[in-house]
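Notes for the one structure printed next.
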Amino acid sequence: MRDAVNKLKAKFVLLWFVGTVGFVVATAPVYPREQSVSPGINKHYENAVYEEWVQRFEREGREIYDKRHEIVTALALREDMVVADIGAGTGLFARLFSPEVGPGGRVIAVDISRQFIDKIVQIAKEQGQENIQGIVNTPTDTALPPASIDLAFVCDTYHHFEYPETMLRSLHRALRRDGTLVVIDYRRVNGLSSPWVMNHVRAGEDTVVGEIEAAGFRLAKTQDLLRENYFLQFKKCDDACVK
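Yeah, the sequence shown ends on 265 if you go by the working numbering, and it's all consecutive.
Below is the structure:
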C-alpha cells in the first residue's frame, strides 16, 4: 500500500514539474531571430594569438590605451562591485579594475575568444588577482547570470556586436536593478573619421544611443574625455522605462 502511495506521489510531482516547465516556456517572451549586422567582423579572433593582439591593443598611440587610467577613474568603481568587461580582449581593463573593486568584488572578463579568456585568467592567477574570472560567451549571449553584475563595460567592442539587439537584451538581464552600462566606441563622422573607421565601424554615436535606449536603458551621462572615441554611460531602466 505504501509503495502504491509513494508511486502516486512521484507521478504527481512529475506531472506538476512538467506542467510548470511547460508554463514557463509557453509564457517566456519569444523574439524573432536577429540577422547579423556585421557578418564576419569577428573572424580575426578565431584561434587568436594572444601575444600578437597585445601588441595591437596595449600600445602607446592607441587612445584607449593612452587614456586607460583616466577611463578607470571616470567609471568611479567602488569596492565590492561586480564589473563585467564585455569583449575583454587581452584583459587590459580587467587587470586595472581588479584593485578598484577589491577582494570583495569581482571582475568578469567576457570574450568570444577562448584564447583571450584562458590567457587573462592565467595572468590574473600569476599576478595574484584572485577576483578576476573569465567567461567565454557567444555572439548572441553574454553568458552572464540574471541580475549578477553592477556595471557592464563595453570598450571599442560595441561595433563588434554582430547581433546588437540580442546582446543588449542579454546585458539588460545581467545587470542588477539600476545597473550601469558604459559604452566607449569610435566616433564615426563623415569627413572627420579615418577611412578605417568609416569602413570598419557600422554606426555612429546617435545610432548607438538609439539602439541602447530601445533596449531598456537611458543615457545618464557622457564624458568629454576622449577625442577619437565617445564615452556614454547608461542606466538600466525599471520596468516602466523599458520600451
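Glycine included, each C-beta is placed from N, C-alpha and C at the ideal position.
For residue i, verify whether its CB is less than 7 Å away from any heavy atom of the ligand SAH.
{"i": "His181", "result": "Absence of the ligand SAH from the depicted structure is noted, as is the absence of any ligand whatsoever, leaving it without description."}
Quick check: what's the CA-CA separation for residue i versus residue j?
{"i": "Val158", "j": "Leu214", "result": "36 Å"}
{"i": "Gly238", "j": "Lys258", "result": "6 Å"}
{"i": "Val129", "j": "Glu101", "result": "11 Å"}
{"i": "Val231", "j": "Ile206", "result": "11 Å"}
{"i": "Asn251", "j": "Val176", "result": "12 Å"}
{"i": "Phe119", "j": "Leu99", "result": "8 Å"}
{"i": "Gln255", "j": "Gly127", "result": "21 Å"}
{"i": "Leu190", "j": "Gly83", "result": "30 Å"}
{"i": "Ser192", "j": "Asp163", "result": "6 Å"}
{"i": "Val47", "j": "Arg55", "result": "Since pLDDT at Val47 reaches only 35, below the 50 mark, its modelled position is unreliable, and the value read off the structure follows with that caveat. Using only the alpha carbons, I get a separation of about 17 Å."}
{"i": "Val43", "j": "Tyr185", "result": "Low confidence applies to Val43: its pLDDT is 36, below 50, so where it sits in the model is not reliable, and the reading given next is rough at best. The straight-line gap from Cα to Cα measures roughly 28 Å."}
{"i": "Gln137", "j": "Asn69", "result": "7 Å"}
Between which two residues does the alpha helix (DSSP H) holding residue i run?
{"i": "Gly232", "result": "227 to 236"}
{"i": "Gln155", "result": "Segment 154 to 158 is the beta strand (DSSP E) holding Gln155; no alpha helix (DSSP H) there."}
{"i": "Val76", "result": "72 to 79"}
{"i": "Ala146", "result": "136 to 148"}
{"i": "Leu118", "result": "114 to 123"}
Tell me the DSSP secondary structure of residue i in three-state form.
{"i": "Val223", "result": "coil"}
{"i": "Thr95", "result": "helix"}
{"i": "Ala131", "result": "strand"}
{"i": "Ile63", "result": "coil"}
{"i": "Tyr185", "result": "coil"}
{"i": "Ala169", "result": "coil"}
{"i": "Asp163", "result": "strand"}
If you follow the beta strand (DSSP E) that residue i is part of, which residue opens it and which one closes it?
{"i": "Gln255", "result": "251 to 258"}
{"i": "Tyr6", "result": "A question about residue 6 goes unanswered here, because the residues of the chain that appear run from 23 up to 265."}
Since residue i contacts residue j with CB under 8 Å, what's their CB separation in whole angstroms?
{"i": "Ile139", "j": "Gly156", "result": "4 Å"}
Looking only at C-alpha atoms, which of the options sits nearest to residue i?
{"i": "Asn221", "options": "Pro168, Val76, His182, Phe256", "result": "His182"}
{"i": "Ile154", "options": "Gln144, Glu73, Leu97", "result": "Gln144"}
{"i": "Ala169", "options": "Met103, Tyr67, Glu187, Gln57", "result": "Met103"}
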